[in-house]
Amino acid sequence: MTYSYISHLQCSKCGRAYPHQEVQTFCKECLAPLLAVYDLECVRREVDRDEISRRAKGMWRWHELLPVVDASHVVFLGEGDTALLKLPNIGGELGLFNLFVKDESSNPTGSFKARGLGAAVSKAKELGIERVIIPTAGNAGGAMAAYAARAGMQAAVYMPTDTPRANMEECRIAGAEVVLVEGVISDAAKRAGERARAEGWFDLSTFKEPYRTEGKKIMGYELAEQLGWELPDVIIYPTGGGTGLVGMWKAFAELEALGWLNDTKRPRMVAVQAAGCAPVVKAFEKGAAVCDFWENAHTVASGLRVPKSFADALILKDLRASGGTAVAVSDEAILEAQRQLGRLEGIFAAPEGAATLAALKELVKQQWLDPAERVVLFNTGTGLKYLDQMG
Ligand SMILES: *Cc1c(COP(=O)(O)O)cnc(C)c1O
Ligand SMILES: [Zn+2]
1444 MTYSYISHLQ
1454 CSKCGRAYPH
1464 QEVQTFCKEC
1474 LAPLLAVYDL
1484 ECVRREVDRD
1494 EISRRAKGMW
1504 RWHELLPVVD
1514 ASHVVFLGEG
1524 DTALLKLPNI
1534 GGELGLFNLF
1544 VKDESSNPTG
1554 SFKARGLGAA
1564 VSKAKELGIE
1574 RVIIPTAGNA
1584 GGAMAAYAAR
1594 AGMQAAVYMP
1604 TDTPRANMEE
1614 CRIAGAEVVL
1624 VEGVISDAAK
1634 RAGERARAEG
1644 WFDLSTFKEP
1654 YRTEGKKIMG
1664 YELAEQLGWE
1674 LPDVIIYPTG
1684 GGTGLVGMWK
1694 AFAELEALGW
1704 LNDTKRPRMV
1714 AVQAAGCAPV
1724 VKAFEKGAAV
1734 CDFWENAHTV
1744 ASGLRVPKSF
1754 ADALILKDLR
1764 ASGGTAVAVS
1774 DEAILEAQRQ
1784 LGRLEGIFAA
1794 PEGAATLAAL
1804 KELVKQQWLD
1814 PAERVVLFNT
1824 GTGLKYLDQM
1834 G
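1444 is the number of the first residue of the sequence shown in this note's numbering; add one for each residue after it.
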């Protein structure tokens, strides 16, 4: 029995191959992210999608399509298999008959970062890494600290001084060293990178290692399964580093190659950002291939306070390939959408998740959507972690 069908890693820019059996970061030639490649022909012959559906719940029931080769290295805290909920009340108000939310708030550490860090820490364990470090806008640090604790690894987390307090405390309770940095995530990344190089820590920054996006891609597999092996028409995703957007788009290509979809129509992907930090929206509108660094980034949605993603070229390429778009929303609109989700549907969303509803309202106004289309919002975390942001 083959636990994982990973074959190698491939540079997303030049296509150069790298072995997954060794520690990898990003392409040494073009400094672009590496993506995992699987032997999908073999998976197609040897793995039954319906058997996967009968396995015990959680992200790792898709282990053939995840990077860990030996099951004993999996670090599992219950991540994955989140609910896909219909939003009948908000859908009714907006005139949309098939509006859903994929509610990622039930993941360990209260956000979908658990998926990416669960995959990355597991693969790091497999490769014998003992010390992991991360710059974070908040939730990634908490997730890394939890998985590192369970894996018996040492953890260091660099975060801006105004990161939600819940994120600081969840790192400390998991035994991680927390370093507060003046500025935004890019300032934290600089400091964490220096420490990593000086002391030999492994850096789990978004896309600076290949496996966080593998964990997040499983959201795409779950969506297909939950919709009867079809994909939605539109996915509205709060985009910071873009790990989930790029990961899901990769999942859809894999699903198609596997022949697991009943209908191969792909969703239009919508990247949502905050008006106070919208590098992807700006680049998308200009027709640019990469993003400019966003100066003075500010927003209540701390997970969206990413002035420039390391995977900006990939995000923009995938958005365009999908026929999607990019939308910026104000903090005011985010907080109003957060109240609507609570009042009308009983969901206490993270501001990043609420941003997707704010963007949806814009798209409805522009008649960008058809009333019958299947639209999926992503609530990427729980609002409970942001109490000090709510005033
Ligand atoms: C990190 C984060 C995001 C952005 O995720 P990416 O996949 O890196 O774009 C969105 N929402 C929440 C709650 C986050 O923690
Ligand atoms: Zn390359």
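Note that beta-carbon positions come from the ideal geometry of N, C-alpha and C, so glycine has one too.
- Rounded to the nearest angstrom, the gap between the Cα atoms of residue 1445 and residue 1484 is 14 Å.
- For residue 1712, DSSP records a beta bridge to 1678.
- For residue 1618 against residue 1592, the beta-carbon gap comes to about 5 Å, under 8 Å, which counts as contact.
- Residue 1660 has its Cβ no nearer than 8 Å to any heavy atom of ligand 2.
- Around the beta carbon of residue 1511, 16 or more other beta carbons sit within 10 angstroms, so the residue counts as buried.
- Ranking 1504, 1522 and 1521 by CA distance to the CA of residue 1514 puts 1504 first.
- For residue 1783, the enclosing alpha helix (DSSP H) covers residues 1774–1788.
- Closest in C-alpha terms to residue 1684, from the list 1801, 1585, 1464 and 1649, comes 1649.
- Assignment of residue 1516 by DSSP, reduced to helix, strand and coil, places it in the helix class.
- When beta bridges are read from the DSSP output, residue 1592 appears opposite no residue.
- Inclusion of residue 1580 and residue 1749 in the CB contact set at 9 Å is warranted, their separation being smaller than that value.
- Where residue 1449 is concerned, the enclosing beta strand (DSSP E) starts and stops at 1449–1454.
- For residue 1574, the enclosing beta strand (DSSP E) starts and ends at 1574–1578.
- With 5 Å as the limit, the residues whose C-beta approaches a heavy atom of ligand 1 more closely than that are 1554, 1582, 1681, 1682, 1683, 1684, 1685, 1686, 1687, 1746, 1793, 1795, 1823 and 1824, in chain order.
- With respect to residue 1818, residue 1706 sits apart: the two C-beta atoms are not nearer than 9 Å.
- Annotation for residue 1500: 1524 place their beta carbon closer than 7 Å to its own, counting only its chain and skipping 5 residues before and after.
- Just measuring C-alpha positions, the residue of 1464, 1711 and 1616 sitting nearest residue 1760 is 1711.
- Relative to ligand 2, residue 1475 has its C-beta within less than 8 Å of a heavy atom.
- Nearest Cα to residue 1673 within the set 1800, 1699, 1661 and 1590: 1699.
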